[in-house]
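Engineer:
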Amino acid sequence: MSKTAALAYSGGLDTSCAIAWLKEGYGFDEVLAVLVDVGQDADFEPAIGRGYAAGADEVVLVDRKQEFGEEQVAKAVLANALYEGRYPLISALSRPVIAAAVAELALAAGAEAVVHGCTGKGNDQLRFELAFKAHYPGVRVIAPLRDRVWTRDEEIAYARERGIPVEAKPASPYSIDDNLFGRAIEAGILEDPWVEPPEEAFALTAAPADAPAPADVVVGFESGLPVALDGEPLPLHELVAELNARAGAYGIGRIDMIENRAIGIKSRELYEAPAALTLIAAHQALEDVVLTKAELVAKRELEPKWAKLVYDGLWFSPAREAYDAFFAATQRLVTGEARVSLQAGAPVVTGRRSEHALYAETLASYGAGETFPHDAAEGFITIAALEVELAAARERSAALA
Ligand code: ARG
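Residue numbering for the sequence shown follows the working numbering, starting at 33 and increasing by one per position.
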């Protein structure tokens, strides 16, 4: 019986070489290369050609943009997810989608191994492997670039020898990963954390210094999900693309951070996530007027935990589902709008409204017509102060004794 491997294929040099190496080095008879469209800026046609040239028996292009928008991106917005307070999980969100597509096709084809092109130093190996195993329990997982460390020159030589076309344009000096939710840039000169990011590293955002005059965008939400821009209804993946363009022109969503990888290495990453940061700011602002104080306290406490869980590769896990069940329960009434002023480098929320707002002007106001029960405040403070007063009295008598 022929032995088949299903590979998460990106079209790049690493995974192209992996196709040939799976046959040569691992003895597979057939390689199924799965290319998943999650909104990355890629030329799929040459990528498919390269896959066949490398010896793939089949290269399948799977479009998962819409699902990625409706599932991972939607849940990340509901969770206001920012890893270590800053990174909107761009790559961490796409890996489960890609891996699930590969595992499903592997199962359907009766492939006995699933393969990814990650090295041993990153987070992505975790995300791929956990998601592979969640969809194809017991499957053999192979990581050719972790089993053997290749230099770029070795890969180029290997590809040339086997007639795998190597891209003519000079390779980017950075390692890039992108999808519809944003772009991650690392390596090259950026490895020195003191080096200022050069303008050429960015593709989705203009320099904040070149931002046009501030402009407003009104984001409409329904049960926590962004559904419209300036009153125009859009499916989430299109809304994100549109907002990336609009907010990107202001340099919004540029992030330069040192992050802690799951495997214990610190790394310097640049991100571009104009829509992600704008949507999270708008969503939080709407939650602020709709949710009760206790819901907000609980939710804001869980949000960074969700982000860490997903960063660490646990998308397909009962824990993530349980967090999401809680988040979903809080979102029923989070319907309304937030107005964001797009300004140089920052999305500034300037208004929020919802027919379900708990915010009551008559209670908050210092003006006439207010309804706050002033005399009740006195009793409330008498009780609230009890312990402080007792403790202070205890200190005094201890000092006198
Ligand atoms: N550090 C980010 C993460 O683990 C991005 C990884 C991919 N980055 C890249 N520039 N290739 O989610």
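Backbone N, C-alpha and C fix where the C-beta goes; we use that ideal spot for every residue, glycine too.
This structure is a prediction, so every number in the text was calculated from the model and none was measured.
With a CB to CB cut of under 7 angstroms and the five nearest residues on each side skipped, what residues in its chain are close to proline 246?
Structural biologist: Taking the first residue of the sequence shown as 1, we reach residue 246 at position 214. So the list reads Ser373, Leu374, Gln375, once near-sequence residues are dropped.
Engineer: Could you tell me whether the Cβ atoms of alanine 106 and arginine 159 are closer together than 8 angstroms?
Structural biologist: On the sequence shown, position 74 is the one that residue 106 refers to. On the sequence shown, position 127 is the one that residue 159 refers to. In this structure, arginine 159 does not lie closer than 8 angstroms to alanine 106 by Cβ.
Engineer: My assumption, with CB atoms under 8 angstroms, is that asparagine 155 sits in contact with tyrosine 343. Please give the rounded CB distance.
Structural biologist: Locating residue 155 in the sequence shown gives position 123, where the first residue counts as 1. Locating residue 343 in the sequence shown gives position 311, where the first residue counts as 1. Yes, they are in contact, since the Cβ atoms of asparagine 155 and tyrosine 343 sit about 7 angstroms apart, within 8 angstroms.
Engineer: Spell out whether any CB of chain B is found under 8 angstroms from the CB atom of glutamate 419.
Structural biologist: Absent from the structure is chain B; it holds one protein chain and no more.
Engineer: How far does the beta strand (DSSP E) with isoleucine 290 in it extend, from its first residue to its last?
Structural biologist: As a working mapping, residue 290 is identified with position 258 in the sequence shown. Element bounds for isoleucine 290: 286 to 292.
Engineer: To the nearest angstrom, how far is the alpha carbon of aspartate 262 from that of alanine 239?
Structural biologist: Locating residue 262 in the sequence shown gives position 230, counting from the first residue. Locating residue 239 in the sequence shown gives position 207, counting from the first residue. Straight-line Cα distance between these residues: approximately 25 angstroms.
Engineer: Roughly how many angstroms lie between the CA atoms of isoleucine 295 and leucine 93, to the nearest whole one?
Structural biologist: Here residue 295 refers to the residue found at position 263 when the sequence shown is read from its first residue. Here residue 93 refers to the residue found at position 61 when the sequence shown is read from its first residue. Answer to the nearest angstrom: the Cα atoms are 31 angstroms apart.
Engineer: Can you name the start and end residues of the alpha helix (DSSP H) that aspartate 193 belongs to?
Structural biologist: Residue 193 sits at position 161 when you count from the first residue of the sequence shown. What sits at residue 193 in the sequence shown is glutamate, not aspartate. From DSSP, the alpha helix (DSSP H) with glutamate 193 extends over 184 to 193.
Engineer: Helix, strand or coil: how does DSSP classify tyrosine 282 here?
Structural biologist: Locating residue 282 in the sequence shown gives position 250, where the first residue counts as 1. In this structure, tyrosine 282 counts as coil in the three-state DSSP scheme.
Engineer: Which class does isoleucine 196 belong to by DSSP, given the choice of helix, strand or coil?
Structural biologist: Sequence index remark: in the sequence shown, residue 196 carries index 164 (1-based). It is coil, neither helix nor strand.
Engineer: Near arginine 364, what residues of its chain come up, given a Cβ to Cβ distance below 7 angstroms and the 5 sequence neighbours on each side ignored?
Structural biologist: Locating residue 364 in the sequence shown gives position 332, counting from the first residue. Only residues of its own chain outside the window of five on either side were considered, and among them Ser255 have a CB closer than 7 angstroms to the CB of arginine 364, listed in chain order.
Engineer: Just to confirm, is the Cβ distance from glycine 170 to alanine 40 under 8 angstroms?
Structural biologist: To locate residue 170, count along the sequence shown from 1; it is residue 138. To locate residue 40, count along the sequence shown from 1; it is residue 8. Not closer than 8 angstroms, so no.
Engineer: What is the DSSP secondary structure of serine 126, counted as helix, strand or coil?
Structural biologist: Along the sequence shown, read from residue 1 onward, the residue named residue 126 stands at position 94. Here serine 126 sits in helix by DSSP.
Engineer: Using only CA atoms, which one of Phe164, Arg178, Tyr168, Ala133 lies nearest to threonine 47?
Structural biologist: What you label residue 47 is simply residue 15 of the sequence shown in a count that begins at 1. Residue Arg178 is the option with its Cα nearest to threonine 47.
Engineer: If you follow the alpha helix (DSSP H) that glycine 221 is in, where does it begin and where does it stop?
Structural biologist: Taking the first residue of the sequence shown as 1, we reach residue 221 at position 189. The amino acid at residue 221 is misidentified as glycine; the sequence shows isoleucine. It is not in any alpha helix (DSSP H) - isoleucine 221 carries neither H nor E in the DSSP assignment.
Engineer: On a CA-only basis, which of Lys55, Leu137, Glu274, His269 is nearest leucine 67? Give me that one, please.
Structural biologist: Looking up residue 67 in the sequence shown gives position 35. That would be Leu137, whose Cα lies nearest to the Cα of leucine 67.
Engineer: Checking the sheet assignment: what are the DSSP bridge partners for aspartate 248?
Structural biologist: Reading the sequence shown from its first residue, position 216 is the one you call residue 248. Paired residues: Ser373.
Engineer: Report the residue from Pro258, Glu99, Cys49, Glu102 whose alpha carbon sits nearest the alpha carbon of tyrosine 84.
Structural biologist: Taking the sequence shown and counting its residues from 1, the one referred to as residue 84 is at position 52. Minimum Cα distance to tyrosine 84 is reached at Cys49.
Engineer: Closest by CA to glycine 142, which one among Val63, Ser207, Thr36, Ile51?
Structural biologist: For the purposes of this step, residue 142 is taken as residue 110 along the sequence shown, with counting starting at 1. Out of Val63, Ser207, Thr36, Ile51, Thr36 has the C-alpha closest to the C-alpha of glycine 142.
Engineer: Hey, how far is the Cα of serine 34 from the Cα of lysine 55?
Structural biologist: Stepping through the sequence shown from its first residue, residue 34 is reached at position 2. Stepping through the sequence shown from its first residue, residue 55 is reached at position 23. Each residue's Cα considered, the two are about 12 angstroms apart.
Engineer: DSSP state of lysine 153, grouped into three classes?
Structural biologist: Along the sequence shown, one-based indexing puts residue 153 at 121. Three-state result, lysine 153: coil.
Engineer: Tell me the DSSP bridge mates of tyrosine 303?
Structural biologist: For the purposes of this step, residue 303 is taken as residue 271 along the sequence shown, with counting starting at 1. DSSP, once it has assigned bridges, lists Ala216, Ile287 as partnering tyrosine 303.
Engineer: Is valine 109 closer than 8 angstroms to leucine 328 when the C-beta atoms are compared?
Structural biologist: Residue mapping note: residue 328 aligns to position 296 of the sequence shown, counting from 1. Residue mapping note: residue 109 aligns to position 77 of the sequence shown, counting from 1. No, Cβ-Cβ distance for leucine 328 and valine 109 is not below 8 angstroms.
Engineer: Could you round the C-beta distance between phenylalanine 434 and proline 128 to whole angstroms and report it? I think they count as a contact, below 8 angstroms.
Structural biologist: Since the displayed the chain opens at 33 and closes at 433, residue 434 lies outside it and no answer follows.
Engineer: Assuming contact is defined by CB atoms lying nearer than 8 angstroms, are isoleucine 51 and alanine 79 in contact in what I supplied?
Structural biologist: Position 19 of the sequence shown, counted from the first residue, corresponds to residue 51. Position 47 of the sequence shown, counted from the first residue, corresponds to residue 79. Between isoleucine 51 and alanine 79, the gap from beta carbon to beta carbon reaches 8 angstroms or more.
Engineer: Are there 16 or more other CB atoms within 10 angstroms of the CB of tryptophan 226, so buried, or fewer, so exposed?
Structural biologist: For this step, residue 226 is matched to residue 194 along the sequence shown. By the neighbour-count rule (16 or more Cβ atoms within 10 Å), tryptophan 226 is not buried but exposed.
Engineer: With distances taken Cα to Cα, identify the nearest neighbour of lysine 298 among Arg278, Ala307, Pro229, Glu218.
Structural biologist: Locating residue 298 in the sequence shown gives position 266, where the first residue counts as 1. Closest option to lysine 298, Cα to Cα, is Glu218.
Engineer: Cα separation between lysine 337 and alanine 431?
Structural biologist: Here residue 337 refers to the residue found at position 305 when the sequence shown is read from its first residue. Here residue 431 refers to the residue found at position 399 when the sequence shown is read from its first residue. Separation of lysine 337 and alanine 431 (C-alpha to C-alpha, rounded to the nearest whole angstrom) is 45 angstroms.
Engineer: Looking at serine 299 and the ligand ARG, is the gap between the Cβ and the nearest heavy atom below 7 angstroms?
Structural biologist: Reading the sequence shown from its first residue, position 267 is the one you call residue 299. Under cutoff, so the answer is yes.
Engineer: Give a single yes or no on whether aspartate 288 has its beta carbon closer than 7 angstroms to a heavy atom of the ligand ARG.
Structural biologist: As a first step, residue 288 must be located in the sequence shown, where it is residue number 256. Aspartate 288 Cβ: outside cutoff for every heavy atom of the ligand ARG.
Engineer: Is it the case that the CB of alanine 216 approaches a heavy atom of the ligand ARG more closely than 7 angstroms?
Structural biologist: Against the sequence shown, residue 216 aligns to sequence position 184. Yes.
Engineer: Considering Cα atoms alone, identify which of Gln72, Glu223, Ile196 is closest to glutamate 301.
Structural biologist: Here residue 301 corresponds to residue number 269 of the sequence shown, with the count starting at 1. If we check each option's Cα against that of glutamate 301, Glu223 comes out closest.
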